[in-house]
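J.: Per the numbering used here, the very first residue in the sequence shown carries number 117; after that it's consecutive.
From the three backbone atoms N, C-alpha and C, an ideal C-beta is built for every residue, glycine too.
Because the structure is a prediction, the values reported are computed rather than measured.
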Amino acid sequence: MAVNILAVGDVCGRTGVEMLEKTLPAFKRLKDVSFCVVNGENADHFGISPKNADALFSHGTDVITLGNHVWGQRSLLARLDEDSYILRPANLPPRAPGRGFGVFESPFGDVCVINLLGRHGMDVLSENPFAELDRILDAPEVKRCKIKLVDLHGEATSEKIAMGLYADGRVTALWGTHTHVQTSDGAPLPGGTGYITDLGMTGAARGVLGLSPERVLERFLGLPAERSEEAPPPAKLEAAIFEVDEKTGACLGVEAIRLE
Ligand SMILES: [Fe+2]
Numbered sequence: 117m118a119v120n121i122l123a124v125g126d127v128c129g130r131t132g133v134e135m136l137e138k139t140l141p142a143f144k145r146l147k148d149v150s151f152c153v154v155n156g157e158n159a160d161h162f163g164i165s166p167k168n169a170d171a172l173f174s175h176g177t178d179v180i181t182l183g184n185h186v187w188g189q190r191s192l193l194a195r196l197d198e199d200s201y202i203l204r205p206a207n208l209p210p211r212a213p214g215r216g217f218g219v220f221e222s223p224f225g226d227v228c229v230i231n232l233l234g235r236h237g238m239d240v241l242s243e244n245p246f247a248e249l250d251r252i253l254d255a256p257e258v259k260r261c262k263i264k265l266v267d268l269h270g271e272a273t274s275e276k277i278a279m280g281l282y283a284d285g286r287v288t289a290l291w292g293t294h295t296h297v298q299t300s301d302g303a304p305l306p307g308g309t310g311y312i313t314d315l316g317m318t319g320a321a322r323g324v325l326g327l328s329p330e331r332v333l334e335r336f337l338g339l340p341a342e343r344s345e346e347a348p349p350p351a352k353l354e355a356a357i358f359e360v361d362e363k364t365g366a367c368l369g370v371e372a373i374r375l376e
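(1) Would you mind reading off the limits of the beta strand (DSSP E) that contains Ile230?
(2) With distance defined between alpha-carbon atoms, name the residue in Ser344, Thr364, Ala206, Thr309 nearest to Leu325.
(3) With H, G and I counted as helix, E and B as strand and the rest as coil, what does DSSP make of Glu257?
(4) Is the beta carbon of Ala355 sitting closer than 7 Å to the one on Gly125?
(5) Please give me, in chain order, every unbroken run of the alpha helix (DSSP H) with length at least 4 that falls completely inside the segment 121-189.
(6) Gly129 and Glu271 - do their beta-carbons sit closer together than 7 Å?
(7) Taking the straight line between their C-alpha atoms, what separation do you get for Ser300 and Met317?
(8) Keeping to the same chain, check which residues put their C-beta closer than 7 Å to that of Asp239; ignore five residues upstream and five downstream.
(9) Mind checking whether Ile263 and Val227 have CB atoms under 7 Å apart?
(10) Across which residues does DSSP place Glu346 in a beta bridge pair?
(11) Expressed to the nearest angstrom, what Euclidean distance is found between the alpha-carbon atoms of Pro213 and Thr293?
(12) Near Ala289, which residues of its chain fall below 6 Å by C-beta distance, leaving aside the five closest residues on each side in sequence?
(13) To the nearest angstrom, report how far apart Leu192 and Asn244 are at their CA atoms.
(14) Just checking His294 against ligand 1 - is the residue's beta carbon closer than 6 Å to any of the ligand's heavy atoms?
(15) Would the beta-carbon of Asn155 be found less than 6 Å away from any heavy atom of ligand 1?
(16) Which stretch, first to last residue, makes up the beta strand (DSSP E) that contains Glu280?
(17) Along the alpha helix (DSSP H) that carries Pro341, what are the first and last residues, could you check?
(18) Within 6 Å: the Cβ of Gly214 and any heavy atom of ligand 1?
(19) Taking the straight line between their C-alpha atoms, what separation do you get for Lys363 and Ala118?
Shown next, in the form of C-alpha cells:
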C-alpha cells in the first residue's frame, strides 16, 4: 500500500507560521498525508523559538528540521535536548545540543528522519554530510526502519544533487531546503529515492526569499540599509509530497506543491 509523506519548505516568520496554520490541516486531509516534516529554521527568521515550534506542531507538523540558523534563538537550546521531535543538523559537533536524526512512530511503522547541513557556500563550519549520512544509516535503530527521510539544508544545487545520487536506493526520500526557491526536478531517482533539489519556502509570496523587497534592494543598491524585515502577505506554502510504498520503502512519485 502507498502512503503520502509531506515535506514543507522553510517556514519564514509570522506570515509563514500563519500560512501553515491556515492551510496545513485541511491540505493534509485532502492529500491523505500520513507523516509531515517541516523545515522550521526561519520561523523566527533567524532560528525558531520554542513558542513557534509549538505552533508548528499544533498545525500538523510531526517533525521539525532546522539548518544554518539552528543557534539563532538561544531559547531553543534547552528544548533541543528535551524534544526529540526537533532535529538540528546531524553533522555538527557531537557535543552540540540536540540530535540530528530520530526514529518516530507513524501509522505505517517507524520512520527515520535525518537532518543534514550542506557545506558548500554555507556560513557554518560543519562535518562532511556524506560521511555523516553513512554513519547514521549504519546505526542499528536506523537500519530497521523501512522509511528513511533526509532534509539536506544547503545552498549549492550541485551538493544537493550529488547527495541525492549518493543516497539513491538507501533512503526513501531526500529533499533540499535553504534556498527558498522551489525547483522543478521532483522525481524518484533510478534506485527508488524520491528527490527534489529544493522544496521552496512557506511565507511571504511577493518578498525576496520572505523578506521585504525595499530592505533587500537597499543592500543590493549599496545604500544604507535598515535591518531586514518580513515582507507582508499574501503568503504561499511550498512543499513536496512523496508517495511511498510502505512495504519496500521505495518512493513511487514526487509531487511539488505550491499553495497561495
Ligand atoms: Fe537556511
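T.: A quick look at the data gives this:
(1) 227-233
(2) The candidate whose alpha carbon is nearest that of Leu325 is Ser344.
(3) helix
(4) yes
(5) 129-146, 166-174
(6) no
(7) 14 Å
(8) Asn184
(9) yes
(10) BP columns for Glu346 point to Leu327.
(11) 21 Å
(12) Leu265, Gly310, Phe358, Cys367
(13) 25 Å
(14) Indeed, a heavy atom of ligand 1 lies less than 6 Å from the Cβ.
(15) no
(16) Note on residue identity: the sequence assigns Gly, not Glu, to residue 280. That residue, Gly280, is in no beta strand (DSSP E); its alpha helix (DSSP H) goes 273-283.
(17) Looking at the sequence provided, one finds Ala at residue 341 rather than Pro. Unbroken run through Ala341: none, as it is neither H nor E.
(18) Of the heavy atoms belonging to ligand 1, none sits nearer than 6 Å to the Cβ of Gly214.
(19) 8 Å
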